[in-house]
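Undergrad: For what it's worth, this note's numbering labels the leading residue of the sequence shown as 15, then goes sequentially. Yeah, the Cβ is synthetic: ideal placement off N, Cα and C, and Gly gets one too. A single structure is presented below for examination.
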Amino acid sequence: MQKLAYDLGLRGDGAVVDQVLEYCMGQVAGWADEDGVATLAELEGVACRRLCLEFEEIWSDDDIERLVRKYAEQGEYAFAYIRTAFDGETFGTTLIRDDVAPGVKSYIAFIDCRGPKAHRRYFTRWHEIAHLLTLPPRSGEPVNRSPLGRCPVEQLMDKIAAEVGFFDPIFRPALEGYLASGSLGFQVVEQIRRDHCPTASFQSTLIACVRQAPVPAVYVEAAMGYKKDEATKVFSPQRTLFPVELPEARLRIQNATGNDEARRLRLRFDRNMEVPGTSVLARLFGGEVDRGSSTDLAGHEALSNWEHSDGSTLSDATVFIEARRLPSQVFGLVVPC
15 MQKLAYDLGL RGDGAVVDQV LEYCMGQVAG WADEDGVATL AELEGVACRR
65 LCLEFEEIWS DDDIERLVRK YAEQGEYAFA YIRTAFDGET FGTTLIRDDV
115 APGVKSYIAF IDCRGPKAHR RYFTRWHEIA HLLTLPPRSG EPVNRSPLGR
165 CPVEQLMDKI AAEVGFFDPI FRPALEGYLA SGSLGFQVVE QIRRDHCPTA
215 SFQSTLIACV RQAPVPAVYV EAAMGYKKDE ATKVFSPQRT LFPVELPEAR
265 LRIQNATGND EARRLRLRFD RNMEVPGTSV LARLFGGEVD RGSSTDLAGH
315 EALSNWEHSD GSTLSDATVF IEARRLPSQV FGLVVPC
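Here it is in structure tokens:
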């Protein structure tokens with residue numbers, strides 16, 4: 015990580031991640047000012063032009079073969095690498111052309127949008143932009159080779175993508191404008207997604223809205239799971255002489271992200287906390303939906319129904335929850351009433 019900072023002309027001491035992030039934000043801010051950027055979609059276009067980057071999206075296996083043939087006809091035989099580039103942890107990769115004609119983009123970023131990877135499409139595009147903001151690839155070599163979960167540099171690129179992809183000087187004023195005439199909810203999230211970042215998923219836009227909203231809000235995800243001690247028992251590699259009754263998986267909070275305003279109100283949900291059966295999240299996960307919708311449910315609920323394992327409750331407050339169901343999880347927006 016320090017070498018990356020040194021290559022960018024940064025100090026490389028202390029908070030290296032913050033230094034690199036500040037460098038990237040400053041670079042993008044300069045482009046946005048010079049080009050009069052108004053939306054995040056425009057910002058992506060400017061970044062691609064400045065970095066000589068072009069995107070190719072892969073929606074099927076046939077797309078890979080089509081792209082390999084396309085670039086082979088242009089003399090880029092090394093691009094056949096994309097046939098083996100994508101595994102379960104690799105969503106995108108960027109290659110540099112060997113021979114660039116005038117007016118042709120130097121870098122090609124291949125974005126894997128097949129199956130469940132499609133929801134990360136917008137984020138992956140900005141992840142590849144982050145690579146070029148920090149360390150352009152060498153000819154014939156991909157930008158990233160390491161699995162995301164085990165590589166600090168890849169994790170840094172994700173952090174940069176989260177900040178730059180929902181660039182605060184553009185996104186926050188737009189969000190505040192929508193909130194001037196209404197409260198934060200799914201309708202506002204979808205409107206700002208459609209107007210400013212149409213290639214972003216609803217889920218990623220919701221997380222950005224929660225993070226940058228000037229009002230208290232929490233993003234939550236819930237899925238079937240176990241408490242920490244239960245998981246240790248269920249997934250233990252040790253065998254027992256006699257049958258042991260294993261705990262049942264229950265709907266639990268897997269992720270909860272609140273903004274500063276929510277933290278001031280002490281509005282929070284702990285990881286692995288069981289979702290009460292009366293909650294909007296549990297009812298939606300169990301199959302109940304609002305009329306006219308196949309995936310959503312909303313309603314008010316008392317936080318006193320949410321209990322910790324020691325029997326204590328969250329608070330006596332009432333909140334409004336909007337939730338959306340995915341195949342294996344449910345996510346939602348929590349705002350105080």
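Give me the Cα-Cα distance between Asp310 and Ala296, rounded to the nearest whole angstrom.
TA: Indexing the sequence shown from 1 puts residue 310 at position 296. Indexing the sequence shown from 1 puts residue 296 at position 282. Here the C-alpha atom of Asp310 lies approximately 12 angstroms from the C-alpha atom of Ala296.
Undergrad: For the structure I just gave you, are there three or more beta carbon pairs, one from the stretch 100-120 and one from the stretch 189-207, closer than 8 angstroms?
TA: no
Undergrad: Is it a yes or a no for the stretch 286-296 touching the stretch 264-273, going by three-plus beta-carbon pairs under 8 angstroms?
TA: yes
Undergrad: Any chance you could list the alpha helix (DSSP H) runs of at least 4 consecutive residues sitting entirely within the stretch 270-312, in chain order?
TA: Runs found: 274-278, 294-299.
Undergrad: Which residue comes first and which comes last in the alpha helix (DSSP H) that contains Thr148?
TA: Position 134 of the sequence shown, counted from the first residue, corresponds to residue 148. Element bounds for Thr148: 135-148.
Undergrad: What's the gap between the Cα of Arg63 and the Cα of Ser195?
TA: Counted from its first residue, the sequence shown places residue 63 at position 49. Counted from its first residue, the sequence shown places residue 195 at position 181. Rounded to whole angstroms, the gap between the alpha carbons of Arg63 and Ser195 is 35 angstroms.
Undergrad: Taking only runs that begin and end inside the stretch 86-110, name each unbroken beta strand (DSSP E) of 3 or more residues, in chain order.
TA: Listed in chain order, the beta strand (DSSP E) elements of length 3 or more contained wholly in the stretch 86-110 are 106-110.
Undergrad: Could you tell me how far apart the beta carbons of Ala276 and Val232 are, in whole angstroms, since I believe they sit closer than 8 angstroms?
TA: The count along the sequence shown starts at 1 and reaches residue 276 at position 262. The count along the sequence shown starts at 1 and reaches residue 232 at position 218. Yes, Ala276 and Val232 are in contact; Cβ-Cβ is about 5 angstroms, under 8 angstroms.
Undergrad: Give me the residue from Leu57, Asp126, Tyr37 with the minimum Cα distance to Trp73.
TA: As a first step, residue 73 must be located in the sequence shown, where it is residue number 59. Of all alpha-carbon atoms in Leu57, Asp126, Tyr37, the one lying nearest the alpha-carbon of Trp73 is that of Asp126.
Undergrad: Please report whether the beta-carbon of Ile184 lies at a distance below 8 angstroms from any beta-carbon of chain B.
TA: Included in the structure is just one protein chain, with no chain B present.
Undergrad: Just to confirm my understanding: we take Ser218, look at its own chain, exclude 5 residues before and 5 after, and list those with CB closer than 7 angstroms. What are they?
TA: Start at 1 with the first residue of the sequence shown, and residue 218 comes out as number 204. Answer for Ser218: Tyr136, Phe137, listed in chain order.
Undergrad: So, does the stretch 314-327 touch the stretch 269-289, judging by three or more C-beta pairs under 8 angstroms?
TA: Cβ pair count under 8 angstroms is three or more, so yes.
Undergrad: How far does the alpha helix (DSSP H) with Thr219 in it reach, from first residue to last?
TA: The residue labelled residue 219 in the question sits at position 205 within the sequence shown. It spans 216-226 - the alpha helix (DSSP H) in which Thr219 sits, taken as one unbroken run.
Undergrad: Using only the alpha-carbon positions, how far apart do Met171 and Ala144 sit?
TA: Sequence index remark: in the sequence shown, residue 171 carries index 157 (1-based). Sequence index remark: in the sequence shown, residue 144 carries index 130 (1-based). Their backbone Cα atoms lie some 6 angstroms apart in a straight line.
Undergrad: Under the three-state reduction of DSSP, which class applies to Gly117: helix, strand or coil?
TA: As a first step, residue 117 is located in the sequence shown; it is residue number 103 there, counting from the start. Correct three-state label for Gly117: coil.
Undergrad: Starting from the C-beta of Leu328, find all residues in its chain whose C-beta is less than 6 angstroms away, skip the five residues before and the five after it, and write them out in chain order.
TA: Taking the sequence shown and counting its residues from 1, one reaches residue 328 at position 314. Cβ neighbours of Leu328 beyond the five flanking positions: Leu317, Trp320.
Undergrad: Give the secondary structure of Val167 by DSSP, where H, G and I count as helix, E and B as strand, and everything else as coil.
TA: The residue you call residue 167 lines up with position 153 of the sequence shown. Correct three-state label for Val167: helix.
Undergrad: Would you decide whether Glu336 is buried or exposed? Buried here means 16 or more other CB atoms lie within 10 Å of its CB.
TA: Position 322 of the sequence shown, counting from 1, holds the residue named residue 336. Its Cβ being crowded by 16 or more others within 10 Å, Glu336 is buried.
Undergrad: With distances taken Cα to Cα, identify the nearest neighbour of Thr107 among Arg282, Val60, Tyr95, Gly117.
TA: Here residue 107 refers to the residue found at position 93 of the sequence shown. Ranking Arg282, Val60, Tyr95, Gly117 by Cα distance to Thr107 puts Tyr95 first.
Undergrad: Output the boundary residues of the beta strand (DSSP E) element that contains Ala337.
TA: As a first step, residue 337 is located in the sequence shown; it is residue number 323 there, counting from the start. Segment 332-339, the beta strand (DSSP E) holding Ala337.
Undergrad: Measure the Cβ-Cβ separation of Phe185 and Glu204 and say whether it is below 8 angstroms.
TA: Translated into positions along the sequence shown, residue 185 becomes position 171. Translated into positions along the sequence shown, residue 204 becomes position 190. Contact: no.
Undergrad: Under 8 angstroms by Cβ, that's how I've got Asn273 and Val224 pegged, so tell me the actual separation to the nearest angstrom.
TA: Start at 1 with the first residue of the sequence shown, and residue 273 comes out as number 259. Start at 1 with the first residue of the sequence shown, and residue 224 comes out as number 210. About 6 angstroms; that satisfies the 8 angstroms criterion.
Undergrad: Would you grab the beta carbon distance between Val234 and Gly346 for me? Rounded to a whole angstrom, and I think it's under 8 angstroms.
TA: Looking up residue 234 in the sequence shown gives position 220. Looking up residue 346 in the sequence shown gives position 332. Their Cβ separation, rounded to whole angstroms, is 5 angstroms, which keeps Val234 and Gly346 in contact under 8 angstroms.
Undergrad: In chain order, what residues of the same chain lie with their CB nearer than 6 angstroms to the CB of Phe299, ignoring the 5 residues before and after it?
TA: Counted from its first residue, the sequence shown places residue 299 at position 285. Taken in chain order, the residues that qualify are Leu265, Val344.
Undergrad: Give me the residue from Ala86, Cys165, Ser120 with the minimum Cα distance to Thr2.
TA: As displayed, the chain neither begins before 15 nor continues past 351, which places residue 2 out of reach and without an answer.
Undergrad: Where Leu281 and Tyr37 are concerned, what is the direct C-alpha to C-alpha distance, given to the nearest angstrom?
TA: Indexing the sequence shown from 1 puts residue 281 at position 267. Indexing the sequence shown from 1 puts residue 37 at position 23. When rounded, the distance between both Cα atoms is 33 angstroms.
Undergrad: Does DSSP classify Gly59 as helix, strand or coil?
TA: For this step, residue 59 is matched to residue 45 along the sequence shown. Reduced to three states, the DSSP call for Gly59 is helix.
Undergrad: CA-CA distance, Glu58 and Cys66?
TA: Taking the first residue of the sequence shown as position 1, residue 58 is located at position 44. Taking the first residue of the sequence shown as position 1, residue 66 is located at position 52. Taking the straight line joining both Cα atoms gives about 12 angstroms.
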